[in-house]
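Participant: Just so we're aligned, residue 1 is where the sequence shown starts under the numbering used here, counting upward by one.
In this text, a Cβ means the ideal position worked out from N, Cα and C, and glycines have one as well.
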Amino acid sequence: MADTHIVTIERHIIEEERRHPGARGAFSNILSDIALAAKVISRQVNMAGLVDILGRAGHRNVQGEAVQKLDVFAQDVMYRAMDHTGHLCCMVSEEVEDFIPIPDKFPAGGYVLLFDPLDGSSNIDVNVSIGTIFSILKKVSPEERGSLEDCLQPGRRQLAAGYVVYGSSTMLVYTTGNGVHGFTLDPSIGEFLLSHENIRIPEAPPRFYSVNEAYEERWSPGMRAFVDHLKGRDGSDGGGGFSSRYIGSLVADFHRTLLRGGIFMYPGDSRNPEGKLRLLYEASPLAFIAEQAGGRASDGRRDILEVEPAGLHQRTPLFLGAAELVTMAERFLAEG
Ligand code: AHM
Ligand code: MG
Numbered sequence: 001m002a003d004t005h006i007v008t009i010e011r012h013i014i015e016e017e018r019r020h021p022g023a024r025g026a027f028s029n030i031l032s033d034i035a036l037a038a039k040v041i042s043r044q045v046n047m048a049g050l051v052d053i054l055g056r057a058g059h060r061n062v063q064g065e066a067v068q069k070l071d072v073f074a075q076d077v078m079y080r081a082m083d084h085t086g087h088l089c090c091m092v093s094e095e096v097e098d099f100i101p102i103p104d105k106f107p108a109g110g111y112v113l114l115f116d117p118l119d120g121s122s123n124i125d126v127n128v129s130i131g132t133i134f135s136i137l138k139k140v141s142p143e144e145r146g147s148l149e150d151c152l153q154p155g156r157r158q159l160a161a162g163y164v165v166y167g168s169s170t171m172l173v174y175t176t177g178n179g180v181h182g183f184t185l186d187p188s189i190g191e192f193l194l195s196h197e198n199i200r201i202p203e204a205p206p207r208f209y210s211v212n213e214a215y216e217e218r219w220s221p222g223m224r225a226f227v228d229h230l231k232g233r234d235g236s237d238g239g240g241g242f243s244s245r246y247i248g249s250l251v252a253d254f255h256r257t258l259l260r261g262g263i264f265m266y267p268g269d270s271r272n273p274e275g276k277l278r279l280l281y282e283a284s285p286l287a288f289i290a291e292q293a294g295g296r297a298s299d300g301r302r303d304i305l306e307v308e309p310a311g312l313h314q315r316t317p318l319f320l321g322a323a324e325l326v327t328m329a330e331r332f333l334a335e336g
């Protein structure tokens with residue numbers, strides 16, 4: 001037998017908890033519940049290609065069950081995995097306008113869960129990887145079932161963050177502030193197994209930049225100058241030597257950046273000054289992971305983790321990846 005040991009995500013979460021004397025298990029249970037929801041969503045994502053055969057959204061499938069759109073399904077699964085456990089006071093989801101208090105019939109707890117249940121869902125039909133993103137905060141207000149104050153905390157206060165990528169395999173990657181760890185779902189036993197321990201964003205080439213260049217006309221001069229530099233067009237030191245990658249599915253683009261290095265960018269532009277991506281459940285959790293992996297995340301001026309949120313669905317420009325490149329982007333953007 002090979003000299004390796006198998007670590008399930010449950011065991012990893014429990015061992016992480018032992019590092020925090022006084023932790024009472026609630027927090028670990030939330031992470032385990034997310035892992036369970038991820039398995040259910042993964043199963044359904046893998047079935048997506050069969051939807052045409054088994055029935056479209058709004059119709060009934062062969063078992064007579066109503067077929068839901070996958071993003072609605074994912075929202076439902078996350079909510080139902082979490083609403084009754086007594087660990088959360090409220091939730092925030094990309095799919096729901098207001099924050100979602102835990103219903104009165106269930107006990108409320110001391111944490112807030114923020115999530116994007118299925119990001120990049122327009123990619124489903126063409127078999128491109130999509131993902132779930134999550135962030136956990138501690139409740140800070142006296143309201144038993146949460147308040148806006150509990151949800152609108154800067155990313156620096158996150159206790160945990162992670163994502164699930166539904167790709168050639170399903171992976172769950174998370175941090176509780178003690179490094180970044182990745183788990184691959186073994187569908188034959190239904191367990192997430194530790195496959196990527198202590199992930200660090202590589203600094204060495206080959207290096208990638210990742211941005212939707214179709215919007216170049218709308219970029220600021222600084223943004224253009226930065227990408228020209230990465231292409232080696234300005235002839236200055238350190239430019240060039242890059243290759244480009246852009247999937248158009250945030251979790252997949254970030255996952256590649258985490259494992260292969262480089263920088264992912266969704267800047268503000270003349271049409272959308274705040275870009276497209278959302279601060280609370282897209283940018284902040286990925287920023288926490290990037291930082292724990294030795295990287296950085298910025299809105300072009302300041303660390304994403306320092307931004308004080310003003311709204312649940314607030315957008316932010318995002319520069320994410322290797323620290324040196326994110327800092328370089330800030331320098332170029334400051335010039336114009
Ligand atoms: P969605 O919320 O409609 O799924 O859009 C989010 C997605 C991200 O996954 C991705 O990074 C981005 O939109 C791509 O946008 P664009 O097509 O403008 O490049
Ligand atoms: Mg999204």
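1. Among residues of its own chain, excluding the 5 on either side of Ile100, which ones have a beta-carbon nearer than 8 Å to its beta-carbon?
2. Could you work out which residue in Ser32, Ile289, Glu97, Arg331 is closest to Gly177 when comparing CA atoms only?
3. Is Asp116 a contact residue of the ligand MG, with contact defined as CB to any heavy atom under 7 Å?
4. Closer than 7 Å by C-beta to Val40: which residues in its own chain qualify, once you throw out the five before and the five after it? Chain order, please.
5. Short check: CB of Leu193 to CB of Phe208, under 8 Å?
6. Per the DSSP calculation, Tyr281 is bridged to which residue(s)?
7. What is the DSSP secondary structure of Gly235, counted as helix, strand or coil?
8. Using only the alpha-carbon positions, how far apart do Ser121 and Thr257 sit?
9. Is there contact between the region 272–287 and the region 231–243, where contact requires at least three CB pairs shorter than 8 Å?
10. Please name the residue in Leu88, Val227, Asn46 whose C-alpha comes closest to that of Ser243.
11. Determine the direct distance from the alpha carbon of Ala334 to that of Asp119, and round the result to whole angstroms.
12. Output the boundary residues of the alpha helix (DSSP H) element that contains Lys39.
13. Between the alpha carbons of Leu230 and Ile201, how many angstroms are there, rounded?
14. With burial defined as no fewer than 16 other Cβ atoms inside 10 Å of the residue's Cβ, what is the status of Met47: buried or exposed?
15. According to DSSP, simplified to helix, strand and coil, what is Val77?
16. Between Tyr166 and Lys69, what straight-line distance do the alpha-carbon atoms span, to the nearest angstrom?
17. So which residues touch the region around the ligand AHM, with touch meaning a C-beta under 7 Å from any heavy atom?
18. Assess, as a yes-or-no matter, whether the region 312–320 is touched by the region 153–173 under the definition of 3 or more beta carbon pairs within less than 8 Å.
Facilitator: In terms of the structure at hand:
1. Tyr79, Cys90, Met91, Val92, Ser93
2. Ile289
3. yes
4. Val77
5. no
6. Answer is none; Tyr281 lacks a bridge partner.
7. coil
8. 20 Å
9. no
10. Val227
11. 30 Å
12. 26–46
13. 18 Å
14. exposed
15. helix
16. 16 Å
17. Glu94, Asp119, Gly120, Ser121, Ser122, Asn212, Gly248, Ser249, Leu250, Val251, Asp253, Tyr266, Lys276, Leu277
18. no
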